[in-house]
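These notes concern the structure reproduced below.
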Amino acid sequence: MDTRSSEKETQRLQDLETRFKQCPDDEILLQELLDTYRSTGRSHAAAELLRLRIGKHPGDWSTLRTCVMLFLQAGESKRAAEILNQSGSEFKHQWEFWRLRGSCLEGLDRFREALEEYRRAAQLAPEEAEPRFRMGLVSLELGEDEEALGYFHDALERDTRMGGALVNLGLLYERMGDTDRAVEMLRRVLELEPENVEGHLNLGTLYAEKGYGQEAAAEFHRAAELDDKCIEAHFNLGLLLEESEPDAALDRLRKVLAMDPTHQDATLQIGRLCYKRGLYTAALKALHRGLDREPKDTRALYYLALTYNKLDRPDETIRLLDELLRLEPDNARAHFYQGIAYDKKGAYQKAQRAYQKADELGSKRGEDL
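Per this note's numbering, numbering of the sequence shown is gapless, rising by one per residue and ending at 366.
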């Protein structure tokens, strides 16, 4: 929002506040003021407005619920709980009362108590999916994945189109190593919400883990089409296209840096790609940028050393590998390339010791150097 628009919005809000003070019983004006507070991110002001109204008009569940939810949105969970407890005792027969109490306790990081409140809501409304879904989320916070799995399935039995339950089931199955079930859940999410960017990203990641490169790329392409500013989609495409379409991969990675110049992984991946394609000057530029940003990044040290080795600059190669080996003394490949650099300098005894160390470490780890 530019300065002129902001000033205009502020003036409109002030006018509404003045008019409402003059006509506090005007329902239309009240709703307009509430909508304006919400649209301008003033959740606290909207909540306080409704709190005053609760005092004048007790017994209105809709107003109380909205007030409590606005305090929660404003990050004031303690205040939300106080108001619900003070003004909501007559609504304890409603499942939504206990669902709201659970949300207040969640906001206070009292997850075990929140779970009990959601359980009471579920008992009052056995047909409702929402309490089961909330129980699943709280179980995740408590590290109880198996219980969460059951609650999300319970929610889906009551609402087969509940996208949140499907997403969380997908993530849970992925965590448990059941990628087939995870893919199934995320496909169902996208059937319901075909423009869900996060869903395409998650499904693409799963396909990549299963080795389905084309399917993964298609999901990341779709995510990027839906949101051209989605850094994760462009970065993942940069990784996936490295072998098949290196130019396209570089384009994606450069797009990431255009949006976030400090993206370390994209910076180093560009350096690595340029190194593999023999573009050593470009590789040095990218890798030095990454090393300047994070001087102990072993990936930057390693590929810088390899690049200087290709340029027959053994002194720089050895210096970088020395630094890398201080951080990772058991890096077999670093010892191996250090041997090559010493060979180029004619320091054959040092080269032999480096090769022997590489062989020793490599044989221990079964590495093919």
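Glycine included, each C-beta is placed from N, C-alpha and C at the ideal position.
Rounded C-alpha distance that separates residue i from residue j
i	j	result
Pro128	Tyr115	5 angstroms
Arg9	Arg16	11 angstroms
Glu24	Leu30	10 angstroms
Trp58	Leu247	56 angstroms
Arg155	Gly52	37 angstroms
Ala355	Asp327	9 angstroms
Met182	Glu143	16 angstroms
Val164	Glu171	11 angstroms
Leu61	Asp106	22 angstroms
Met256	Cys64	38 angstroms
Ser84	Gly147	34 angstroms
Gly359	Leu322	15 angstroms
Tyr277	Glu212	32 angstroms
Leu168	Ala179	7 angstroms
Glu138	Arg185	24 angstroms
Glu373	Leu236	The requested residue 373 is not part of the displayed model; the chain covers only -2 to 366.
Glu188	Leu223	15 angstroms
Leu250	Ala331	26 angstroms
Pro21	Glu141	49 angstroms
Asp175	Asp32	45 angstroms
Glu357	Asp319	18 angstroms
Collapsed DSSP secondary structure at residue i in the structure displayed
i	result
Gly72	coil
Pro243	helix
Asn193	coil
Pro55	coil
Met182	helix
Glu171	helix
His332	helix
Gly235	helix
Glu141	coil
Thr157	coil
Lys5	helix
Ala344	coil
Asp365	Note that Asp365 scores a pLDDT of 39, beneath 50, so its modelled location is shaky; the value from the coordinates is reported in the next line. Three-state DSSP puts Asp365 in coil, outside helix and strand.
Glu124	coil
Cys227	coil
His90	coil
Gly201	helix
Ala209	What sits at residue 209 in the sequence shown is Tyr, not Ala. Coil, per DSSP.
Met(-2)	With a pLDDT of 49 at Met(-2), under the threshold of 50, the predicted position of this residue should be treated as unreliable, and no value is reported.
Gly85	coil
Cut-off 8 angstroms between Cβ atoms - residues of its own chain near residue i, not counting five sequence neighbours on either side
i	result
His90	Leu121
Met159	Ala126, Phe130, Ala152, Leu153
His260	Ile228, Phe232, Val253, Leu254
Thr37	Glu6, Leu10
Leu198	Glu216, Phe217, Ala220, Cys227, Glu229, Ala230, Asn233
Tyr300	Leu265, Gly268, Arg269, Tyr272, Ala280, Leu284
Leu288	Asp294, Ala297, Leu298, Leu301
Cβ neighbours of residue i in the same chain (closer than 7 angstroms, five flanking residues each side left out)
i	result
Asn306	Thr314, Tyr334, Ile337, Ala338
Lys293	Leu324
Phe94	Gly85, Phe88
Val135	Glu103, Phe108, Ala111, Leu112, Tyr115
Arg274	Pro243
Ser74	Cys101, Gly104, Leu105
Leu371	Nothing can be reported for residue 371: it is not among the residues displayed for the chain, which extend from -2 to 366.
Gly210	Leu237
Leu97	Arg62, Val65, Leu81
Residues near residue i in its chain [Cβ-Cβ closer than 6 angstroms; skip 5 each side]
i	result
Phe68	Ala44, Arg76, Ala77
Asn82	none
Ala280	Gly268, Cys271, Tyr272, Thr304
Trp92	Ala118, Leu121, Ala122
Arg350	none
Thr149	As written in the sequence, residue 149 is Phe, which differs from the Thr given in the question. Cβ neighbours of Phe149 beyond the five flanking positions: Gly133, Ala162, Asn165, Leu166.
Asp177	none
Tyr34	Ala42, Ala43
Residue i: CB within 7 angstroms of a non-hydrogen atom of the ligand HEM
i	result
Leu301	By its list of ligands, the structure shown contains no ligand whatsoever, and the ligand HEM lies outside what it can speak to.
Neighbour flag for residue i against chain D, beta carbons, 8 angstroms
i	result
Gly140	Checking the listed chains, one finds no chain D in this structure; it contains a single protein chain.
Which runs of the alpha helix (DSSP H), 4 residues or longer, sit entirely within the region 245 to 327?
261 to 273, 277 to 290, 295 to 307, 311 to 324
Continuous alpha helix (DSSP H) assignments of at least 4 residues falling wholly in the region 15 to 56:
24 to 36, 40 to 53
What are the complete beta strand (DSSP E) segments, minimum 3 residues, inside the region 94 to 121?
none
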